[in-house]
Amino acid sequence: MKTRNLFKLATLSGVMMSALYASSTMASGFHTQNGGTTGGAGGQVVYATTGTQIHEALCNRASSDTPIIIHVEGTINHGNTSKVSGDSCNTAADKIEIKEVSNISIIGVGNGALFDQLGIHLRAASNIIIQNVHVRNVKKSGSPISNGGDAIGMESDVFNVWVDHATLEASGGESAGYDALFDMKANTKYVTLSYSILRNSGRGGLVGSSDSDDSNGPVTFHHNLYQNIDSRTPLLRHATAHAYNNHYVSINESGMNPRIGGEMRAENNYFEDSKDVLGTFYTNDMGYWQVSGNIWDNITWTDDASKNHPAGPNPTSTTSVSIPYSYSLDNASCVPNIVAATAGANKGLLTSDGSCGTTGGGNDGSGSSNNGTVNGTYRITPVHSGSALDVDYCGNTNGTNIHQWGWLNNDCQKFNISSVDGIWHRISPVVAPTLGFDVDSLSTSAGANIMLWDYWGGANQQFRFQSAGSGKWRIINRNSELCLDVAGNSANAGANLHQWTCISGAENQMFELTRQ
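In structure tokens, the structure reads:
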């Protein structure tokens, strides 16, 4: 146990550090602008199981902008969170305080990070990543109180924040003591909320706390679930926001509410069983919207009246909003399934592949949840050699061998990968689509050969893709739980592919997937 804890407190290997950095740089949203958002990339990685330890990690840095990655596991609450003092921090006892600091990542790992009745507050902070955390039941009245009742709140000169794969929830509205789940005000800029769940709250969140608070945004919301929210998904004053591929269900009073010049670009979202999901509400100071590709499923629209200006029943664009970053849109029809598979904490950091499938999985430390779902045609490159997996002599008969060879860009080196049972996949060469990768003779022994055989759905023909970080994958057989392995760690053309005991860090057992 002592060795394990010392390892967790130590700086992680370069491979894991690179994986975390790659995760942040591959994301899409306004947080990629203004110089980008990398959080604590390149800094020390520490492990925390209490709120006090999170504050200690911030305060033990050399300076307030020294990069740091804090891996959090367990329940963080009022009982284990206290104020810590230091030259590189400014903390508080009743919340996780990220104040007057920069270059920080807070990432839930292992069995998960639950912030119970304890909010996360950003003030005068920049370049912050919060990932894979669950924040619930943060109150502004009653007991205990924290963070003004916001699950995550940002205010007073906050720049470049990415919140990803979070679950934010309350157990009621303002009358029950809660405020909002995700608030931005007083000059908060370049923020993205992605692959997250916001539910069971009176208020989703706002951008701008009053009509005079006019220096916030831009903000991106994508691949999030908003469920059983009364209003503010978000309330948008003056600012620009981009919302795409979100699922809104049971929005009870009003949803996206751009007002007093706020502009919302809403693309390929799925709105379901809700009321007044877009418009300017509770004021006559109008906001504007650009809409395309959305699905409006069982939406109730009220009549236009004073201080009530719904976009429906047939929403059309009233402005045009330019987006400076690249992004891929899933069709709105598949958004409920994609969001259900990817959004929220402890989902293995899965993301959309932009074509109604899922991909990825990352270093959230959650074991088997590091498995990704892969669908499409790919080149499979052994990391150690940079070659390509290859069908021997382009064969299309049972027993044809699989080995590595220099890249020739032909159908003998391209493979159709498809999910057949959750995390389990079939791998078939383009040159022989009725055949699949097969462990010879259903063997569970190290060294058993990988060949092609008529696909019949056996466990020896199904494989899972486990993230090894930085876009690399281990390919593990369902029947044997052994890894695909280039024999002898050879870099030579013709080196054989077989299965072997999985070895941590072995690059002849890691593969890169390049879509063809």
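Going by full-length UniProt numbering, the sequence shown opens with residue 1, and the numbers climb by one from there. Where a beta carbon is used, it is the ideal one built from N, C-alpha and C, also for glycine.
For a quick check, are the C-beta atoms of residue i and residue j less than 9 Å apart?
| i | j | result |
| --- | --- | --- |
| E129 | I152 | Going by the sequence as given, residue 129 is Ile instead of Glu. Not closer than 9 Å, so no. |
| L329 | Y195 | no |
| D421 | H403 | no |
| A388 | Q413 | yes |
| H498 | N460 | no |
| T50 | G74 | yes |
| G149 | G177 | yes |
| R515 | Y325 | no |
| N147 | D116 | no |
| L452 | N398 | yes |
| G39 | N127 | yes |
| residue 529 | T358 | Here the chain covers residues 1 to 516 and nothing more, so residue 529 does not appear. |
Quick one: using the 10 Å Cβ neighbour count with 16 as the cut-off for buried, is residue i buried or exposed?
| i | result |
| --- | --- |
| D276 | buried |
| E97 | buried |
| E267 | buried |
| P218 | buried |
| L122 | buried |
| Y21 | Since pLDDT at Y21 reaches only 34, below the 50 mark, its modelled position is unreliable, and the value read off the structure follows with that caveat. With 16 or more Cβ atoms within 10 Å of its Cβ, Y21 is classed as buried. |
| G348 | buried |
| W407 | exposed |
| T240 | buried |
| S175 | exposed |
| A62 | exposed |
| L206 | buried |
| P234 | buried |
| S28 | buried |
| M26 | Only weak support is given to the placement of M26: the predicted model assigns it a pLDDT of 49, under 50, and the value that follows is read from those uncertain coordinates. Classification of M26: exposed, given that the 10 Å Cβ count is below 16. |
| G142 | exposed |
| D230 | buried |
| A305 | exposed |
| W500 | buried |
| G386 | exposed |
Using the DSSP secondary-structure output, state which residues sit across from residue i in a beta bridge.
| i | result |
| --- | --- |
| E272 | V249 and D297 |
| T167 | H134 and I197 |
| residue 597 | There is simply no residue 597 to check, as the chain begins at 1 and stops at 516 in what is shown. |
| K185 | E155 |
| K99 | R123 |
| I450 | V439 |
| H384 | Its beta-bridge partners do not exist; DSSP assigns none. |
| R424 | Strictly speaking, residue 424 in this sequence is Trp, with Arg absent from that position. Paired residue(s): D421. |
| L484 | Q499 |
| N416 | T377 and S428 |
Could you give the DSSP three-state label for residue i: helix, strand or coil?
| i | result |
| --- | --- |
| Q516 | coil |
| L408 | coil |
| T283 | coil |
| I260 | coil |
| S333 | helix |
| I76 | strand |
| V207 | strand |
| D116 | strand |
| V277 | coil |
| D392 | helix |
| A22 | With a pLDDT of 33 at A22, under the threshold of 50, the predicted position of this residue should be treated as unreliable, and no value is reported. |
| A305 | strand |
Near residue i, which residues of its chain fall below 6 Å by C-beta distance, leaving aside the five closest residues on each side in sequence?
| i | result |
| --- | --- |
| D211 | I260 |
| N132 | I107, G108, H165, A345 and D364 |
| T91 | H55, K83, V84 and E97 |
| A468 | R474 and M510 |
| S368 | Low local confidence applies: a pLDDT of 38 at S368 is under 50, so the model's placement there is unreliable, and no value is given. |
| D65 | S102 and N103 |
| D214 | H238 |
| C89 | L58 and C59 |
| I197 | T167, L225, A343 and G344 |
| K189 | F159 |
| P313 | W301 |
| S254 | S231, D276 and F281 |
Grab me the residues of residue i's own chain with a C-beta within less than 8 Å of its C-beta, minus the 5 sequence neighbours each way, in chain order.
| i | result |
| --- | --- |
| N337 | C356 |
| D411 | C394, P429, V430 and V431 |
| residue 573 | One cannot answer for residue 573 here, as it falls past the ends of the chain, which runs 1 to 516. |
| A57 | V46, A48, I68 and I70 |
| G494 | H403, Q404 and W405 |
| H31 | T37, N160, V161, W162, Y190, V191, T192 and T220 |
| G173 | S201, G202, R203 and D230 |
Suppose the cutoff is 7 Å on Cβ atoms and the five residues either side in sequence are ignored; what does the same chain contact list for residue i look like?
| i | result |
| --- | --- |
| T318 | Y288 and W289 |
| N308 | F281 and T302 |
| T400 | V391, D392, M451 and L452 |
| S418 | N375, H425 and R426 |
| L513 | V374, Y378, I380 and W473 |
Does any residue of chain D have a CB that is nearer than 9 Å to the CB of residue i?
| i | result |
| --- | --- |
| V207 | In the structure shown, chain D does not exist; there is a single protein chain. |
Given the structure, does residue i come close to the ligand FMN, in the sense that its CB is under 8 Å from one of the ligand's heavy atoms?
| i | result |
| --- | --- |
| S82 | Judged by which ligands are present, the structure shown has none, so any question about the ligand FMN falls away. |
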